[in-house]
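K.L.:
At the far end of the sequence shown sits residue 137, using the UniProt record's numbering, and the numbering has no gaps. The beta-carbon is built from N, C-alpha and C at its ideal position, and this holds for glycine as well.
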Amino acid sequence: MEKTFAIIKPDAVAAGYSGKIIDRIEKEGFKIVAMKKIWMTKKMAEGFYAVHKDKPFFNDLTTFMSSGPSIVMILEKENAIADWRKLMGATNPANAEEGTLRKEFGKNIDNNAVHGSDAPETAAQETRYFFADIEMV
Ligand code: UDP
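#1: Is DSSP giving Ala119 helix, strand or coil here?
#2: Going straight from the alpha carbon of Asn91 to that of Ala123, what length do you get?
#3: I'd like to know if Ala6 contacts chain C, where contact means its C-beta is closer than 7 Å to some C-beta of that chain.
#4: Where do the N-terminal and C-terminal ends of the beta strand (DSSP E) with Trp73 fall, by residue?
#5: What residues in its chain sit with their C-beta under 7 Å from that of Pro93, if we drop five residues either side in the sequence?
#6: Report, in whole angstroms, the separation of the C-beta atoms of Val72 and Ile25, which I expect to be a contact under 8 Å.
#7: Using a threshold of 6 Å, is the CB atom of Val109 nearer than that to any non-hydrogen atom of ligand 1?
#8: Taking the C-alpha atoms as reference points, what is the distance between Glu78 and Glu126?
#9: Can you give the beta carbon distance from Lys3 to Glu121, rounded, assuming they're within the 8 Å contact cut?
#10: Let me confirm a value: His52 is counted as buried when at least 16 other C-beta atoms fall within 10 Å, else exposed. Which label applies?
#11: Give a yes or no on whether the C-beta atoms belonging to Ala50 and Ser66 are separated by under 7 Å.
#12: Using the Cβ count rule (16 or more neighbours within 10 Å means buried), how would you classify Asp133?
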């Protein structure tokens with residue numbers, strides 16, 4: 001079994017899509033190992049997306065991620081990392097395939113509804129950024 005780290009981003013939470021997205025997550029066979037609603041500070045968002053600190057979209061991205069509550073989760077299944085990225089769809093919802101979460105719930109590349117780790121190392125690192133061991137069941 002593999003674990004990955006996922007976020008329902010502020011746009012999707014504000015739009016009232018959390019329940020629908022969590023329903024899809026469970027229907028697609030992921031087990032929710034941990035979940036909580038948080039409101040990231042700008043500093044937390046900057047730390048989380050530090051890999052993008054030199055990108056032109058860094059300020060807009062971290063402002064958006066700290067603009068309201070998000071839901072952070074640890075998801076578990078076989079192939080969780082790749083399967084969650086597949087269920088999310090392409091970064092830009094305009095390019096996302098039918099049936100993916102970004103196609104259904106994303107508005108545009110800035111407001112694309114969900115996040116998912118891209119590799120085992122980032123999954124472990126992102127998980128530790130938001131969760132203590134005691135919160136993983
Ligand atoms: N992003 C953006 N503009 C861009 C590229 C990315 O606002 O031109 C945002 C977008 O919300 C994306 C996040 O930055 O989800 C992280 O980018 P990455 O390339 O890691 O995409 P992801 O892994 O989220 O698909």
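P.N.:
By the coordinates alone:
#1: In the sequence shown, the residue the question calls residue 119 occupies position 119. Ala119: coil per DSSP, three-state reduction.
#2: Indexing the sequence shown from 1 puts residue 91 at position 91. Indexing the sequence shown from 1 puts residue 123 at position 123. According to the sequence as given, residue 91 is Thr; it is not Asn. So the alpha carbons of these two residues sit roughly 17 Å apart.
#3: Of the protein chains in the structure, only one exists, and it is not chain C.
#4: For the purposes of this step, residue 73 is taken as residue 73 along the sequence shown, with counting starting at 1. A quick correction: the sequence has Met, not Trp, at residue 73. Where Met73 is concerned, the enclosing beta strand (DSSP E) stretches over 70-77.
#5: Here residue 93 refers to the residue found at position 93 when the sequence shown is read from its first residue. Spatial neighbours of Pro93 in its own chain (CB-CB distance under 7 Å, excluding positions within 5 residues in sequence) are listed in chain order as Arg102, Lys103, Gly106, Lys107, Asn108, Asn112.
#6: Along the sequence shown, read from residue 1 onward, the residue named residue 72 stands at position 72. Along the sequence shown, read from residue 1 onward, the residue named residue 25 stands at position 25. Contact check for Val72 and Ile25: beta-carbon distance about 13 Å, past the 8 Å limit, so the pair fails to qualify.
#7: Indexing the sequence shown from 1 puts residue 109 at position 109. Checking the sequence shown, residue 109 turns out to be Ile, not Val. Yes, the Cβ of Ile109 comes within 6 Å of a heavy atom of ligand 1.
#8: If you number the sequence shown from 1, residue 78 lands on position 78. If you number the sequence shown from 1, residue 126 lands on position 126. Going by the C-alpha atoms only, they are around 19 Å apart.
#9: Your numbering for residue 3 matches position 3 in the sequence shown. Your numbering for residue 121 matches position 121 in the sequence shown. Between Lys3 and Glu121 the beta-carbon gap is near 13 Å, outside 8 Å, which marks them as no contact.
#10: Here residue 52 refers to the residue found at position 52 of the sequence shown. Its Cβ having fewer than 16 others within 10 Å, His52 is exposed.
#11: By one-based count along the sequence shown, residue 50 stands at place 50. By one-based count along the sequence shown, residue 66 stands at place 66. With respect to Ser66, Ala50 sits apart: the two C-beta atoms are not nearer than 7 Å.
#12: Within the sequence shown, the letter at position 133 stands for residue 133. By the neighbour-count rule (16 or more Cβ atoms within 10 Å), Asp133 is not buried but exposed.
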